[in-house]
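As given, the protein sequences belong to chains A and B, one line each in that order. Residue 382 is where the first sequence ends in full-length UniProt numbering, and the numbering goes up by one at each step. Residue 382 is where the second sequence ends in full-length UniProt numbering, and the numbering goes up by one at each step. Built from N, CA and C at the ideal position, the CB exists for glycine as well. Report on one structure; see the data block that follows.
Protein chains: 2
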Amino acid sequence: MSRGKIRSLEWIRTLRRGVLATKLRHCSRNAIGVQTASDASINGDQEEHDLCNWDELKFSFIPTDYMYVMKCSSGESAFSQGHLTRYGNVELSPSSGVLNYGQGLLEGLKAYRGDDNRIRLFRPEQNALRMQMGAERMCMPSPTAEQFVSSIKQTALANKRWIPPPGKGSLYIRPLLLGTGPILGVAPSPEYTFLAYASPVGNYFNGPMHFSVEDKVYRAIPGGTGGIKSITNYSPIYKALTQAKAKGFTDAIFLDAATGKNIEEATACNIFVVKGNVISTPPIAGTILPGITRKSIIEVASWLGYQIEERAIPLEELINVDEAFCTGTAIAIKPVGSVTYQGQRVEYKTGEGTVSEKLRRTLTGIQTGRIEDTMGWVVEIE
Amino acid sequence: MSRGKIRSLEWIRTLRRGVLATKLRHCSRNAIGVQTASDASINGDQEEHDLCNWDELKFSFIPTDYMYVMKCSSGESAFSQGHLTRYGNVELSPSSGVLNYGQGLLEGLKAYRGDDNRIRLFRPEQNALRMQMGAERMCMPSPTAEQFVSSIKQTALANKRWIPPPGKGSLYIRPLLLGTGPILGVAPSPEYTFLAYASPVGNYFNGPMHFSVEDKVYRAIPGGTGGIKSITNYSPIYKALTQAKAKGFTDAIFLDAATGKNIEEATACNIFVVKGNVISTPPIAGTILPGITRKSIIEVASWLGYQIEERAIPLEELINVDEAFCTGTAIAIKPVGSVTYQGQRVEYKTGEGTVSEKLRRTLTGIQTGRIEDTMGWVVEIE
Chain A
1 MSRGKIRSLE WIRTLRRGVL ATKLRHCSRN AIGVQTASDA SINGDQEEHD
51 LCNWDELKFS FIPTDYMYVM KCSSGESAFS QGHLTRYGNV ELSPSSGVLN
101 YGQGLLEGLK AYRGDDNRIR LFRPEQNALR MQMGAERMCM PSPTAEQFVS
151 SIKQTALANK RWIPPPGKGS LYIRPLLLGT GPILGVAPSP EYTFLAYASP
201 VGNYFNGPMH FSVEDKVYRA IPGGTGGIKS ITNYSPIYKA LTQAKAKGFT
251 DAIFLDAATG KNIEEATACN IFVVKGNVIS TPPIAGTILP GITRKSIIEV
301 ASWLGYQIEE RAIPLEELIN VDEAFCTGTA IAIKPVGSVT YQGQRVEYKT
351 GEGTVSEKLR RTLTGIQTGR IEDTMGWVVE IE
Chain B
1 MSRGKIRSLE WIRTLRRGVL ATKLRHCSRN AIGVQTASDA SINGDQEEHD
51 LCNWDELKFS FIPTDYMYVM KCSSGESAFS QGHLTRYGNV ELSPSSGVLN
101 YGQGLLEGLK AYRGDDNRIR LFRPEQNALR MQMGAERMCM PSPTAEQFVS
151 SIKQTALANK RWIPPPGKGS LYIRPLLLGT GPILGVAPSP EYTFLAYASP
201 VGNYFNGPMH FSVEDKVYRA IPGGTGGIKS ITNYSPIYKA LTQAKAKGFT
251 DAIFLDAATG KNIEEATACN IFVVKGNVIS TPPIAGTILP GITRKSIIEV
301 ASWLGYQIEE RAIPLEELIN VDEAFCTGTA IAIKPVGSVT YQGQRVEYKT
351 GEGTVSEKLR RTLTGIQTGR IEDTMGWVVE IE
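Now the structure itself:
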């Protein structure tokens, strides 16, 4: 074997070692069985509740058994039948659209194991529709809603043993839609790959969030991609996020680029404020992610008798509200403990008796089956 | 072998077939030899001037023999010694930073074969510095300038037989810096890969450019990533570009997001206007790519006696200029034939006797060795 070939393989092996090392850090070694897609485990028959230290789950990556792959080949406009495959590295052309020009979308949703041990997804068709909307904006074909939801069900069930026990967390599923065909000039990719992988995650409820306000870097711009889940929305704000974290904040709140005066959202969650019986959140107008948790909380809050306002929220209004909270698939609902801007720190009520706590209990109750789902949001997959 | 494994391999094979098909479309079949990094060809001893139909080269991807790979592993801040490897697909974690959050940078530069048959690079250290600047903005480590330039030289020489004959084009080299470590939450990747691949390209001088003006979608925003070569700058403007092309335009000119009044640049090139002896171009202020061709043209023009102004250029000024032209590594310098905004089309002088033609001849003369390089811009690599 030639030297070049050997080196190439070494690189691949290094990549594999990286994945394995991640796995070993989080999980018990005996969990890493060599299995195949035809094993019983693909139907979830093999459950291992001692697979991980479920009490120490965070929102960090733990590789699971299977992923789902579906392709849209050159010259075609639709995705062909997808399939489950062992979780592992994927091969990509170095000249693929996603690696060179960032042509990609992500989604995020969770599979929950309820007290009744049933497994539920939460509004997966909403993620499918959002991916379709994003694909249209990014000049990509997208899976049908049926293909999308089916892929999520299959991914959840194939990795069933990784769904944490009730109350310990959930299985986070990450669908990706990527421009994988080779392209040299700046133009849409000739081929696309849909991929869904999964990782068990904790409840992510490690206390309230503390925000700084970012007034130099904007997350989105009118006419841009802030309203879709494009992969290009995230790394450009790493620096603002890193700087906020270095100062001890959980995250940063971004302002609207058009005026620099209104709050928009944080790095990866929508934001709400509460004043008396009124709950307000910035409107969906192209620069804010139309969060599925956001949308659901608006409905839940309305159902619980709160008045909901979707409107521009000036930064200075944060001084006068009772509560603030964030929503997102990863965090569900999380209270905001404080917001700091130009040295001024405003603190908010958190914990028992707050509106956000009431909303959190209701939403997570529906998601896990403790509260009856009268909305038709929950999809039981087993 | 299990069904899942088989399916996984099928996908990989499909990817490989895709690359091969691209190769077959453009090049003669006998060019696809199975070679290794230890073959003589790595030093460019094997030249095949009938490898491609050099007269039909465009700016589209043709796979070559070798690529260069270098890694920065988890916990390290510097890139280790890189190496050449056969060109081919790369393995990536599905949860890598670049696939999920767009953490990546690109560069572009060319190797030229002069009439004297020598091979030259043009200011490669400038690309190295721009990648470093971009890496700092995107929270990534970057190769040293020495590592970067060495990788480009090695990539050019290893693919020497793909450098077109004098006057037929050049070898375009595409360095990428990618977040390749697995990461679930929105945060910088734990590992990075530098990769450089190459493709022969034509002179790309197929007549003047005809622009529309895009006034709804912006390419960049103050505080954003418009001033660096982030992969996230390109796919978000595919839709505007596709719409412009569908109307028969070559590309779109984007306006500044802050005021919506001044021209900034096109999808992948800087823009200049000429009025009498004065050449003007928008200033580098974070929203415009600091193009290396742009920078060089400013120096060349000044050297030829033109007055240069780097300043905001209002859209309406385009009505009153004599000429307009674009610069970029892919296109070198290209005249603008017309700009159309809200149904009004303004045409410009192109061809013999124009300022842009004079500048083009001088720049390409320096790049290919026909004109003496008194600036120290050209790096002869053989």
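Within the same chain, Cβ atoms closer than 7 Å to the Cβ of Arg311(B) are found at Ser280, Pro283, the five residues on either side in sequence being excluded. A distance below 6 Å between beta-carbons, with the five flanking residues on each side excluded, links Tyr341(A) to the following residues of its chain, in chain order: Val213. In terms of beta-carbon proximity, Pro164(A) stays away from the interface with chain B, with every pair separated by 9 Å or more.
Judged by their CB atoms, Phe254(A) and Arg219(A) are nearer to each other than the 9 Å cut-off. Neighbours of Phe254(B) in chain A, taken as residues at a C-beta separation under 9 Å, are lacking, since the least C-beta distance is about 10 Å.
Listed in chain order, the non-local C-beta contacts of Pro290(A) below 6 Å within the same chain comprise Ile284, local neighbours out to five positions each way being set aside. For the stretch 175-209 of chain A, the continuous beta strand (DSSP E) assignments of 3+ residues that do not extend past its boundaries occur at 192-201, in sequence order. Residue Val346(A) holds the alpha-carbon nearest to the alpha-carbon of Ile319(A) among Ser95(A), Val346(A), Ile163(A).
Taken in chain order, the unbroken stretches of beta strand (DSSP E) that lie wholly in the stretch 48-92 of chain B and span 3 residues or more are 66-72, 83-86, 90-92. Around the C-beta of Ser170(A), 16 or more other C-beta atoms lie within 10 Å, and the residue is accordingly described as buried. Nearest neighbour of Asp116(A) by Cα position, chosen from Pro165(A), Val201(A), Gly75(A), turns out to be Pro165(A).
For the stretch 316-336 of chain A, the set of residues with a beta-carbon nearer than 8 Å to any beta-carbon of chain B comprises Ala330, in chain order. Setting aside the 5 residues that flank it on each side, Ser189(A) is surrounded in the same chain by Gly97, Gln103, Gly179, Gly181, Ile183, each with a C-beta closer than 6 Å to its C-beta; the list follows chain order.
Pairing Ile297(A) with Arg360(A), the inter-Cα distance amounts to about 9 Å.
A distance below 6 Å between beta-carbons, with the five flanking residues on each side excluded, links Ser338(B) to the following residues of its chain, in chain order: His210, Arg345, Glu347. The contact set of Ile288(B) on chain A, defined by CB atoms closer than 9 Å, is empty, because the minimum CB distance reaches about 15 Å. Annotated three-state conformation of Gly226(A) is coil, per DSSP. By the beta-carbon neighbour count (other beta carbons within 10 angstroms, threshold 16), Ser77(A) is exposed. With distances taken between CA atoms, Lys349(B) lies nearest to Ala324(B) out of Ala324(B), His83(B), Tyr234(B), Val278(B). In the three-state reduction of the DSSP assignment, Asn270(B) falls in the strand class. At least one CB of chain B lies nearer than 9 Å to the CB of Gln103(A). Interface with chain B (9 Å Cβ-Cβ cutoff): Ser170(A) is excluded. Secondary structure of Thr144(A) (DSSP, three-state): coil.
Excluding sequence positions up to five before and after Ala145(A), its CB lies within less than 8 Å of the CB of Glu125, Ala128, Leu129, Gln132, all in the same chain and listed in chain order. Counting only runs of at least 3 residues, the stretch 343-367 of chain B fully encloses the following beta strand (DSSP E) elements, listed from N- to C-terminal order: 344-347. Burial of Asp256(A) is indicated by the presence of at least 16 other C-beta atoms within 10 angstroms of its C-beta.
In chain B, no part has a C-beta under 9 Å from the C-beta of Glu56(A); the shortest such distance is about 15 Å. From the beta-carbon of Ala268(A), the residues of chain B found nearer than 7 Å are Val186. Cβ-Cβ separation between Pro222(B) and Ala266(B): approximately 19 Å, too far for a contact (criterion under 8 Å). Note on geometry: alpha-carbon atoms of Ile152(B) and Ile173(B) lie some 7 Å from one another. The three-state secondary structure of Ile253(B), taken from DSSP, is strand.
Closest option to Arg370(B), judged by alpha-carbon separation, among Arg118(B), Ala301(B), Val186(B): Arg118(B).
The beta carbon of Met209(B) sits no closer than 9 Å to any beta carbon of chain A.
When C-beta distances to chain B are compared with 8 Å, the residues of the stretch 128-149 of chain A below that value are Arg137, Met138, Cys139, in chain order. Apart from sequence neighbours up to five positions away, the residues of its chain that approach Leu92(B) with a beta-carbon distance below 7 Å are Leu99, Thr180, ordered along the chain.
When Thr155(A), Thr368(A), Leu363(A), Ala332(A) are compared, the shortest CA-CA separation from Trp303(A) is found for Leu363(A).
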